[in-house]
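Asks:
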Amino acid sequence: MEAPLQWAQMNAEQLRDLTATLISQLAERDAAISARDAELSVKEAQLASRNEELKHKQLKIDQLTHEMATLKRWQYGRRSEQLDAVQRSLLDESIDADLQAISLEIEALRERPPSAPKSKPRRLPLPASFPRREVPHEPERTQCRCGCGLERIGEDVSEKLDYTPRVFTVERHIRGKWVCRSCETLIQAPMPPHIIDKGIPSVALLVHVLIAKYA
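Per this note's numbering, the sequence shown runs over residues 1342 to 1556.
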């Protein structure tokens, strides 16, 4: 591997600087992990509080539903037939008002505030201060199968974060788009394989992280 060979050529001062850099990076990573754990703890507490509130509302709804069923049985059951017309009218008015109040309360409990739209994760661009190196990927042939020449109409650019000792760089993989105007065929060179599909880190950066963590 290239990294251990380069480290073997460093003097004591360079090795100390490299060690300090690695320790600083590990400390930043630990701080980021701690912040993420704290954020997860807060979210878990919020979810627990919300679940408890929903449970309380459901119990209240069940209680009101039982009361509503009892009032309906009283209103339309046989007991109402034993009362005279005036008493039955007053009782019906009271029961109707109670039923309406219970219905409004149940609707208020069942209303839920609209959930905030979920923000889609967006990958931030790599810092512009990092030096960049372009890696072109073009088709081996610029002639279509139909015999017509291909025309370059654009390109796709993907950036990978690379690492050499003490220096972060950015690899800009540029894949040209070639099209045949005659048969409307679009041709692009395939992207070279990576350890992490569609990931930002390059192979050299992954090797550096593994060595720093386990070696």
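Using N, Cα and C, we set each Cβ at its ideal position, and we do this for glycine too. A quick note: this is a predicted structure, and the numbers were derived from the prediction, not measured.
1. Across the segment 1505–1524 and the segment 1476–1484, are there enough close Cβ pairs to call them in contact, namely three or more that are closer than 8 Å?
2. Tell me which same chain residues have a C-beta within less than 7 Å of the C-beta of Cys1487, skipping the five on either side of it?
3. Spatial neighbours of Leu1527 within its chain, please: C-beta separation below 6 Å, excluding the five flanking residues on both sides.
4. What whole-angstrom Cβ distance do Ile1443 and Leu1395 have, given they're in contact under 8 Å?
5. For Ile1402 and Asp1378, I'd like the C-alpha separation in whole angstroms.
6. Rounded to whole angstroms, what is the Cα-Cα separation between Arg1370 and Ser1390?
7. Out of Tyr1504, Met1532, Leu1551 and Tyr1555, which has the shortest C-alpha to C-alpha gap to Ala1545?
8. Could you tell me the alpha carbon to alpha carbon distance between Arg1419 and Lys1413, rounded to whole angstroms?
9. How is the alpha helix (DSSP H) around Leu1551 delimited, first residue to last?
10. Per DSSP, Glu1496 is paired with what?
11. Cα-Cα, which of Ala1530, Pro1506, Lys1501 and Thr1510 is closest to Gly1540?
12. Measuring straight from C-alpha to C-alpha, what distance separates Glu1343 and Pro1506?
13. Using only the alpha-carbon positions, how far apart do Ser1499 and Leu1381 sit?
14. By Cβ distance, which residues of its chain are closer than 8 Å to Cys1489, with the 5 residues on each side in sequence left out?
15. So, helix, strand or coil for Thr1360, using DSSP?
16. When DSSP builds the beta bridges, which residues end up paired with His1478?
17. Would you kindly work out how many angstroms separate the C-alpha atoms of Ile1494 and Phe1509, rounded to a whole number?
18. Give the secondary structure of Ala1389 by DSSP, where H, G and I count as helix, E and B as strand, and everything else as coil.
19. With H, G and I counted as helix, E and B as strand and the rest as coil, what does DSSP make of Leu1395?
20. What do you reckon, are the CB atoms on Val1511 and Arg1482 nearer than 7 Å?
21. Asp1503 bridges to which residues according to DSSP?
22. Please name the residue in Leu1388, Asn1352 and Asp1497 whose C-alpha comes closest to that of Met1532.
Replies: Judging by the given coordinates:
1. yes
2. For this step, residue 1487 is matched to residue 146 along the sequence shown. Cys1521, Ser1523 and Cys1524, listed in sequence order.
3. Your numbering for residue 1527 matches position 186 in the sequence shown. So the list reads Val1520, once near-sequence residues are dropped.
4. Position 102 of the sequence shown holds residue 1443. Position 54 of the sequence shown holds residue 1395. The Cβ separation is near 20 Å, so there is no contact.
5. Sequence index remark: in the sequence shown, residue 1402 carries index 61 (1-based). Sequence index remark: in the sequence shown, residue 1378 carries index 37 (1-based). Their Cα atoms are separated by approximately 36 Å.
6. The count along the sequence shown starts at 1 and reaches residue 1370 at position 29. The count along the sequence shown starts at 1 and reaches residue 1390 at position 49. Their backbone Cα atoms lie some 30 Å apart in a straight line.
7. Your numbering for residue 1545 matches position 204 in the sequence shown. Residue Tyr1504 is the option with its Cα nearest to Ala1545.
8. The sequence position of residue 1419 within the sequence shown is 78, counting from 1. The sequence position of residue 1413 within the sequence shown is 72, counting from 1. Confidence at Arg1419 is low in this model, with a pLDDT of 49, below 50, so the placement of that residue should be treated as unreliable; the coordinate-derived value is given next. Cα to Cα, Arg1419 sits roughly 11 Å from Lys1413.
9. Walking along the sequence shown from the start, residue 1551 turns up at place 210. Run containing Leu1551: Val1544 to Tyr1555, per the alpha helix (DSSP H) assignment.
10. Along the sequence shown, one-based indexing puts residue 1496 at 155. Bridge partners of Glu1496: Gly1517.
11. As a first step, residue 1540 must be located in the sequence shown, where it is residue number 199. Comparing Cα positions, the closest option is Lys1501.
12. Numbered from 1 along the sequence shown, position 2 holds the residue referred to as residue 1343. Numbered from 1 along the sequence shown, position 165 holds the residue referred to as residue 1506. Residue placement at Glu1343 is poorly supported in this model, since its pLDDT is 47, which falls under 50; the coordinates still yield a value, given next. Distance between the alpha carbons of Glu1343 and Pro1506: 10 Å.
13. Here residue 1499 refers to the residue found at position 158 of the sequence shown. Here residue 1381 refers to the residue found at position 40 of the sequence shown. Near 31 Å, if we compare the C-alpha coordinates of Leu1381 and Ser1499.
14. Taking the first residue of the sequence shown as position 1, residue 1489 is located at position 148. Closer than 8 Å at the Cβ level, and outside the excluded window around Cys1489, lie Cys1521, Arg1522, Ser1523 and Cys1524.
15. As a working note, residue 1360 is residue 19 in the sequence shown. Helix, per DSSP.
16. In the sequence shown, the residue the question calls residue 1478 occupies position 137. The partner list for His1478 (beta bridge, DSSP) reads Arg1516.
17. As a working note, residue 1494 is residue 153 in the sequence shown. As a working note, residue 1509 is residue 168 in the sequence shown. Ile1494 and Phe1509: Cα-Cα distance of roughly 32 Å.
18. Sequence index remark: in the sequence shown, residue 1389 carries index 48 (1-based). It is helical.
19. Taking the first residue of the sequence shown as 1, we reach residue 1395 at position 54. In this structure, Leu1395 counts as helix in the three-state DSSP scheme.
20. Translated into the one-based positions of the sequence shown, residue 1511 becomes position 170. Translated into the one-based positions of the sequence shown, residue 1482 becomes position 141. In this structure, Arg1482 does not lie closer than 7 Å to Val1511 by Cβ.
21. The residue given as residue 1503 occupies position 162 in the sequence shown. According to DSSP, Asp1503 bridges with Thr1510.
22. The sequence position of residue 1532 within the sequence shown is 191, counting from 1. Of Leu1388, Asn1352 and Asp1497, the residue nearest in Cα terms is Asp1497.
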